[in-house]
Structure formats: C-alpha cells, structure tokens
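Please read the structure below before turning to the comments.
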Amino acid sequence: MILVVIAWLYVTLMMAVAEASAINGSLLGGIITFALYGLLPVSIIVYIFSTPVRKRMRKAREEQAMRQWELEQQKQQERNAVNAANSAVEPDGSGKPPASP
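According to this note's numbering, the sequence shown is numbered sequentially starting from 636.
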C-alpha cells in the first residue's frame, strides 16, 4: 500500500513539474495539479484503506481500558474488605466513643 502511494505521488509530482515547466504553464498550475491529482486522492484512499486498522486499534484500546478498570475495581473491593474487617469493632450500648485512659 505504501509503495503504491509513493509511486502515485511520484507520478503526480512529475505531472506537476511538467505543468510548471511547460511554455504556457505556471508554478501555480503545477501546485494545483499536485494537490488535486496527488495529495487529495491519495489522502482519501489512505484514509479509507486504513479504516480496519483504526477499528482494531480502537478495540484494543477499549479492551485495555476495560481490563485496567476491572483491575482497579478489584483492588478497591479488596481495600474495602480490609477496611471493613478492621473496623468490625462492636460498639458499646451507649453510642458514645470510648473514653481515653
């Protein structure tokens, strides 16, 4: 795919040089030729053909984020369980905090 893109850009560059160096041609005509025959179509084709790659990368990013989120949730649950085990002290009947010695 990259080879085709490079080859097409080379061909359109040569077309632009021929346009610019012609007797009745102009530099602006060469630039427009390169932009409209080279850069614009190639960018559209590359964008269309890279869609599956972008989808795979987005899916992999989402899966990685989901695994990270699940890991954080698991760690949070473990911390909550430890905190609950540490604070499982039976209060006295009065509801007041214990007196300091």
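Cβ coordinates follow ideal geometry from the N, Cα and C atoms, glycine included.
Just so we're clear, the structure is a prediction, and the values are computed from it rather than from any experiment.
Cβ shell of residue i (< 6 Å), same chain only, five flanking positions each side left out
i: residue 667; result: none
i: residue 712; result: none
i: residue 664; result: 654
i: residue 651; result: 665, 668, 669
i: residue 662; result: 655
Close Cβ partners of residue i (< 7 Å) along its chain, the five nearest in sequence each way excluded
i: residue 636; result: 684
Query raised in the report: Taking the runs of the beta strand (DSSP E) that are 3 residues or longer, which of them lie wholly in the region 638-726?
Result: DSSP runs (the beta strand (DSSP E)) wholly in the region 638-726: none.
Query raised in the report: Using 8 Å as the Cβ pair cut-off and three pairs as the minimum, do the region 692-705 and the region 672-681 touch?
Result: Fewer than three beta-carbon pairs drawn from the region 692-705 and the region 672-681 are found closer than 8 Å, and the two stretches are therefore not classed as touching.
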